[in-house]
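Chemist: Heads up: the sequence lines are chains A and B, in that order. When you read off a place in the first sequence, starting at 1, and then add 39, the result is the number in the working numbering. When you read off a place in the second sequence, starting at 1, and then add 39, the result is the number in the working numbering. Even glycine gets a Cβ: it sits at the ideal position worked out from N, Cα and C.
2 protein chains.
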Amino acid sequence: MSDKLFDIAVIGAGPAGLSAALTARVRNKSVALFEHMDFSPKLQKAHAINNYPGLPMTAGKDLMKQMADHCLSTGPTLIKEKVTNVYSGDTFTLLTPNDTYEAKTLILAIGMSNSTMLAGEKELVGKGVSYCATCDGMLYRDKPVAVIAYTEEGEHEADFLGEICPVVYFIPQYKTEYKPKQPTVQVMKARPQAVLGADEVTGLQTDAGELKVEGIFILRQSDPAETLLPELEMDGPFVKVSREQATNVPGLFAAGDCTGKPWQIARATGEGLVAALNAIGFIDSKK
Amino acid sequence: MSDKLFDIAVIGAGPAGLSAALTARVRNKSVALFEHMDFSPKLQKAHAINNYPGLPMTAGKDLMKQMADHCLSTGPTLIKEKVTNVYSGDTFTLLTPNDTYEAKTLILAIGMSNSTMLAGEKELVGKGVSYCATCDGMLYRDKPVAVIAYTEEGEHEADFLGEICPVVYFIPQYKTEYKPKQPTVQVMKARPQAVLGADEVTGLQTDAGELKVEGIFILRQSDPAETLLPELEMDGPFVKVSREQATNVPGLFAAGDCTGKPWQIARATGEGLVAALNAIGFIDSKK
Chain A
40 MSDKLFDIAV IGAGPAGLSA ALTARVRNKS VALFEHMDFS PKLQKAHAIN NYPGLPMTAG
100 KDLMKQMADH CLSTGPTLIK EKVTNVYSGD TFTLLTPNDT YEAKTLILAI GMSNSTMLAG
160 EKELVGKGVS YCATCDGMLY RDKPVAVIAY TEEGEHEADF LGEICPVVYF IPQYKTEYKP
220 KQPTVQVMKA RPQAVLGADE VTGLQTDAGE LKVEGIFILR QSDPAETLLP ELEMDGPFVK
280 VSREQATNVP GLFAAGDCTG KPWQIARATG EGLVAALNAI GFIDSKK
Chain B
40 MSDKLFDIAV IGAGPAGLSA ALTARVRNKS VALFEHMDFS PKLQKAHAIN NYPGLPMTAG
100 KDLMKQMADH CLSTGPTLIK EKVTNVYSGD TFTLLTPNDT YEAKTLILAI GMSNSTMLAG
160 EKELVGKGVS YCATCDGMLY RDKPVAVIAY TEEGEHEADF LGEICPVVYF IPQYKTEYKP
220 KQPTVQVMKA RPQAVLGADE VTGLQTDAGE LKVEGIFILR QSDPAETLLP ELEMDGPFVK
280 VSREQATNVP GLFAAGDCTG KPWQIARATG EGLVAALNAI GFIDSKK
């Protein structure tokens with residue numbers, strides 16, 4: 040466990056997260072910035088953006104680099120790990136596959152998940168549904184499992200699970216030519232529909248039939264916010280926030296695409312800034 | 040009267056107004072952008088700004104120029120006149136000293152007034168209180184008047200009023216070496232305190248005594264929003280808006296410093312963008 044208590048943890052380093060981290064650093068707060076993938080793959084693919092004021096007709100890749108360089112020059116601690124769980128108490132505890140971090144406040148800037156939660160998923164998180172094989176895999180040793188993957192990250196998870204589980208159904212939701220390293224991994228073409236089970240997972244319903252599994256690993260590019268923190272109040276698929284970017288959890292703020300539409304850069308950077316200043320206000324109010 | 044009906048009128052061309060006009064133009068809407076002074080004099084004075092993502096350590100003057108050039112390159116109609124009154128109906132009617140304009144929607148991006156309204160001011164707007172001598176001066180011909188000026192603009196107004204009024208008390212609230220062109224204009228050092236009168240203005244209370252006047256002209260850098268549109272719902276000194284930047288008046292949106300703190304550039308540009316997209320949504324919903 041990292042022995043440092045950060046003032047502000049920011050999860051996600053797209054425009055909203057980078058703006059939040061930047062303003063927090065300019066205001067001299069310690070910042071842990073979690074980005075387990077490349078900075079906003081979605082924005083990087085944008086051909087040209089023409090409505091971010093001051094930077095006309097900029098390729099998404101260039102804009103993202105300018106923003107990332109700018110933010111990182113102010114010295115946040117960049118942590119290239121995926122946060123899989125958050126516990127809120129006097130401080131926030133963030134779990135990654137490798138470590139544990141503590142922060143006084145937390146800003147979610149996790150973007151918009153490209154998939155909604157499955158039926159039954161929320162109810163069975165921790166009871167067979169997991170978002171991290173590296174963290175939870177050992178709990179499923181010798182049991183049949185499924186991996187629903189929206190990104191290549193899922194392939195590494197499947198290879199690992201293949202070493203310890205008798206059967207691993209790998210169900211990619213993206214284009215891939217993945218060749219499993221273990222004979223126990225079966226690649227399936229299917230759409231997942233529902234997590235089955237009452238108190239614990241007993242199966243996965245797909246459009247290609249039902250799979251008898253005891254564990255289901257779901258690897259999305261960005262997890263729906265409520266998978267991180269079940270007590271977080273949502274408004275449909277979005278994190279519910281006030282004009283101060285505050286959520287229902289004291290000290291927890293959210294900014295950018297995860298809080299709703301329009302999904303636009305200037306909106307995201309503005310919300311990141313507001314979230315950072317209100318997180319600082321929250322810290323100051325507790326002194 | 041201009042015979043054109045604009046899709047969107049934007050009042051104010053600081054970061055919020057420029058961002059709103061930019062996004063509206065990128066979305067191919069016709070835009071009237073009202074800016075009677077230089078683009079955001081407040082921002083232009085900022086020595087260096089380091090928390091506008093993507094443009095590290097930029098002088099306020101340079102940042103403002105980059106934003107203005109970017110926005111104007113997309114072709115909004117820039118109107119260098121001060122909007123003194125707005126009427127809302129099927130469309131919005133905007134009055135300036137010289138002309139009248141019509142727009143389907145309106146975005147207020149007027150920044151934060153550097154002075155609050157005087158006691159009695161709101162109640163007596165149009166009954167002796169005016170924000171434009173060029174517009175209303177003739178109504179006060181042969182009557183004693185006062186000019187409370189927060190910018191040099193007030194000096195021209197006082198010179199004009201001095202030609203038609205027997206006495207003009209000029210009360211500057213800024214540093215000036217103004218020499219009146221008319222002997223009827225008296226420069227006074229005083230702080231205005233209250234507009235006096237029940238149904239119409241009868242005087243002005245100042246810390247240097249009471250002045251018997253029938254007209255009071257108040258020239259601020261930026262007028263409090265409610266002087267433009269009395270039905271606008273406020274939250275203290277700020278325009279009350281939803282997360283969609285909507286006000287209580289249908290089709291009327293507000294963005295940037297006039298909607299509250301923090302007074303920061305990225306927040307302003309984000310709100311301007313959101314206001315523009317929701318104004319476009321409002322237009323589309325009426326088709």
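Is the separation between the beta-carbon of K121(B) and that of H75(B) shorter than 8 angstroms?
Modeler: Position 82 of the second sequence holds residue 121(B). Position 36 of the second sequence holds residue 75(B). Yes, Cβ-Cβ distance for K121(B) and H75(B) is below 8 angstroms.
Chemist: Are any of the Cβ atoms in chain A nearer than 8 angstroms to that of S324(B)?
Modeler: Numbered from 1 along the second sequence, position 285 holds the residue referred to as residue 324(B). It does not; no Cβ of chain A falls within 8 angstroms.
Chemist: Which ranges would you report for the beta strand (DSSP E) in the stretch 107-157 of chain B if only whole runs of at least 3 residues count?
Modeler: The qualifying runs are 116-118, 124-127, 131-134 and 139-147.
Chemist: I'd like to confirm the pairing. Which residues does DSSP put opposite G236(B) in its beta bridges?
Modeler: Your numbering for residue 236(B) matches position 197 in the second sequence. For G236(B), which the question treats as bridged, DSSP gives no partner whatsoever.
Chemist: Can you name the residues that DSSP bridges to D274(A)?
Modeler: Taking the first sequence and counting its residues from 1, the one referred to as residue 274(A) is at position 235. In the DSSP output, where bridge partners are listed per residue, D274(A) has F277(A).
Chemist: 8 angstroms is my cut-off, CB to CB: does A87(B) come that close to chain A?
Modeler: If you number the second sequence from 1, residue 87(B) lands on position 48. False, the Cβ-Cβ gap to chain A never drops below 8 angstroms.
Chemist: Taking 8 angstroms as the threshold (C-beta atoms), are T245(B) and R230(B) in contact?
Modeler: The residue you call residue 230(B) lines up with position 191 of the second sequence. The residue you call residue 245(B) lines up with position 206 of the second sequence. Yes, these two residues count as a Cβ contact at 8 angstroms.
Chemist: Taking C-beta pairs closer than 7 angstroms, name the residues in chain A that A305(B) reaches, listed in chain order.
Modeler: The residue you call residue 305(B) lines up with position 266 of the second sequence. Per Cβ cutoff of 7 angstroms: S58, T308, G309 and L312.
Chemist: Measuring CB to CB, does E202(B) end up less than 8 angstroms from Q221(B)?
Modeler: By one-based count along the second sequence, residue 202(B) stands at place 163. By one-based count along the second sequence, residue 221(B) stands at place 182. Contact flag set, yes.
Chemist: Of the choices D323(A), K326(A), A315(A) and S324(A), whose alpha-carbon is the least far from that of A71(A)?
Modeler: Within the first sequence, the letter at position 32 stands for residue 71(A). Cα-wise, what sits closest to A71(A) is A315(A).
Chemist: Any beta carbon from chain A within less than 8 angstroms of C297(B)'s own beta carbon?
Modeler: Numbered from 1 along the second sequence, position 258 holds the residue referred to as residue 297(B). Taking Cβ atoms only, chain A never reaches closer than 8 angstroms to C297(B), which makes this a no.
Chemist: What does L111(A) reach in chain B if we use C-beta pairs closer than 8 angstroms?
Modeler: Residue numbering aside, residue 111(A) sits at position 72 when the first sequence is read from its first letter. Ordered by position in chain B, no residue passes the 8 angstroms Cβ test against L111(A), which lies about 11 angstroms from the chain.
Chemist: What three-state label does DSSP hand Q303(B) in the structure shown?
Modeler: As a first step, residue 303(B) must be located in the second sequence, where it is residue number 264. It is coil, neither helix nor strand.
Chemist: For Q105(B), name the three-state secondary structure that DSSP assigns.
Modeler: Numbered from 1 along the second sequence, position 66 holds the residue referred to as residue 105(B). It is helical.
Chemist: Please go through the same chain and pick out, in chain order, the residues whose beta-carbon is closer than 7 angstroms to the beta-carbon of D175(A), but skip the five residues on each side of it.
Modeler: Mapped onto the first sequence, residue 175(A) falls at position 136. Excluding residues within five positions, the ones whose Cβ falls inside 7 angstroms are S169.
Chemist: Taking only beta-carbon atoms, is T62(A) less than 8 angstroms away from chain B?
Modeler: Position 23 of the first sequence, counted from the start, is the residue given in the question as residue 62(A). So, interface residue.
Chemist: By a C-beta neighbour count over all protein chains shown, 10 Å radius and 16 as the cutoff for buried, is T139(A) buried or exposed?
Modeler: Within the first sequence, numbered from 1, the residue matching residue 139(A) stands at position 100. T139(A) comes out exposed.
Chemist: Taking only beta-carbon positions, decide if Q105(B) is within less than 8 angstroms of chain A.
Modeler: For the purposes of this step, residue 105(B) is taken as residue 66 along the second sequence, with counting starting at 1. Yes, because at least one Cβ of chain A sits closer than 8 angstroms to the Cβ of Q105(B).
Chemist: Using a Cβ-Cβ cut-off of 7 angstroms (strictly less than) and excluding sequence neighbours within five positions of E310(B), which residues of its own chain qualify?
Modeler: As a first step, residue 310(B) must be located in the second sequence, where it is residue number 271. A55, Q284, A294, G295 and T298.
Chemist: Within a Cβ cutoff of 7 angstroms, which residues of the same chain sit near T190(B), ignoring the five residues on either side of it in sequence?
Modeler: In the second sequence, residue 190(B) corresponds to position 151, counting from 1. Within the same chain, T190(B) has close Cβ partners Y213, L258 and Q260.
Chemist: Which same chain residues, not among the five before or five after R45(B), have their C-beta less than 8 angstroms away from its C-beta?
Modeler: Translated into the one-based positions of the second sequence, residue 45(B) becomes position 6. Looking at the sequence shown, residue 45(B) is not Arg but Phe. Here the set comprises S69, V70, A71, T116, Y140, E141, A142 and K143.
Chemist: At which residues does the alpha helix (DSSP H) containing I203(A) begin and terminate?
Modeler: Counting from 1 along the first sequence, the entry for residue 203(A) is found at position 164. From DSSP, the alpha helix (DSSP H) with I203(A) extends over E192 to I203.
Chemist: At a Cβ cut of 7 angstroms, what residues of the stretch 185-205 of chain B count as close to chain A, listed as they run along the chain?
Modeler: Hits within the stretch: zero.
Chemist: Out of N90(A), L94(A) and P183(A), which has the shortest C-alpha to C-alpha gap to G254(A)?
Modeler: Counting from 1 along the first sequence, the entry for residue 254(A) is found at position 215. For the residues N90(A), L94(A) and P183(A), the minimum Cα distance to G254(A) belongs to P183(A).
Chemist: Taking a contact to mean a Cβ-Cβ separation below 8 angstroms, would you say G287(B) touches K300(B) in this structure?
Modeler: Against the second sequence, residue 287(B) aligns to sequence position 248. Against the second sequence, residue 300(B) aligns to sequence position 261. Residue 287(B) is actually Asn in this sequence, not Gly. No, these two residues do not count as a Cβ contact at 8 angstroms.
Chemist: Under 8 angstroms between C-beta atoms, does P54(A) make it to chain B?
Modeler: Here residue 54(A) corresponds to residue number 15 of the first sequence, with the count starting at 1. Answer yes: the Cβ-Cβ gap between P54(A) and chain B drops below 8 angstroms somewhere.
Chemist: Since I believe T130(B) is in contact with R64(B) (beta carbons under 8 angstroms), could you give me their beta-carbon distance rounded to a whole number of angstroms?
Modeler: Against the second sequence, residue 64(B) aligns to sequence position 25. Against the second sequence, residue 130(B) aligns to sequence position 91. With a Cβ gap of about 20 angstroms, R64(B) and T130(B) do not count as contacting.
Chemist: So, for L291(A): in the same chain, excluding its five sequence neighbours on each side, which residues have a beta-carbon less than 6 angstroms away from its beta-carbon?
Modeler: The sequence position of residue 291(A) within the first sequence is 252, counting from 1. Same-chain partners within the cutoff: L145.
Chemist: Anything in chain A within Cβ reach of N67(B), meaning under 8 angstroms, just list it in chain order.
Modeler: Counting from 1 along the second sequence, the entry for residue 67(B) is found at position 28. Within 8 angstroms Cβ-Cβ: nothing; N67(B) doesn't reach chain A, min ~12 angstroms.
Chemist: Please compile the residues from chain B whose C-beta is within a distance smaller than 8 angstroms of the C-beta of L133(A).
Modeler: The count along the first sequence starts at 1 and reaches residue 133(A) at position 94. Ordered by position in chain B, no residue passes the 8 angstroms Cβ test against L133(A), which lies about 23 angstroms from the chain.
Chemist: Between Q105(B), S324(B), L111(B) and R282(B), which has its C-alpha nearest R306(A)'s C-alpha?
Modeler: Counting from one through the first sequence, the residue named residue 306(A) turns up at place 267. Among Q105(B), S324(B), L111(B) and R282(B), the Cα nearest to that of R306(A) is on R282(B).
Chemist: Just list the residues that DSSP pairs G248(B) with in beta bridges.
Modeler: In the second sequence, residue 248(B) corresponds to position 209, counting from 1. DSSP output for G248(B) lists T245(B) as bridge partner(s).
Chemist: Could you spell out where the beta strand (DSSP E) holding V164(B) opens and where it closes?
Modeler: As a first step, residue 164(B) is located in the second sequence; it is residue number 125 there, counting from the start. It is not in any beta strand (DSSP E) - V164(B) carries neither H nor E in the DSSP assignment.
Chemist: Tell me the DSSP bridge mates of V65(A)?
Modeler: To locate residue 65(A), count along the first sequence from 1; it is residue 26. BP columns for V65(A) are empty, so no partner.
Chemist: Quick one: Cα of T132(B) to Cα of V125(B), how far?
Modeler: Here residue 132(B) refers to the residue found at position 93 when the second sequence is read from its first residue. Here residue 125(B) refers to the residue found at position 86 when the second sequence is read from its first residue. Each residue's alpha carbon lies about 6 angstroms from the other.
Chemist: Pull up the DSSP beta-bridge partners for A52(B), would you.
Modeler: Residue mapping note: residue 52(B) aligns to position 13 of the second sequence, counting from 1. Looking at the DSSP assignment, A52(B) forms no beta bridge with any residue, so it has no partner.
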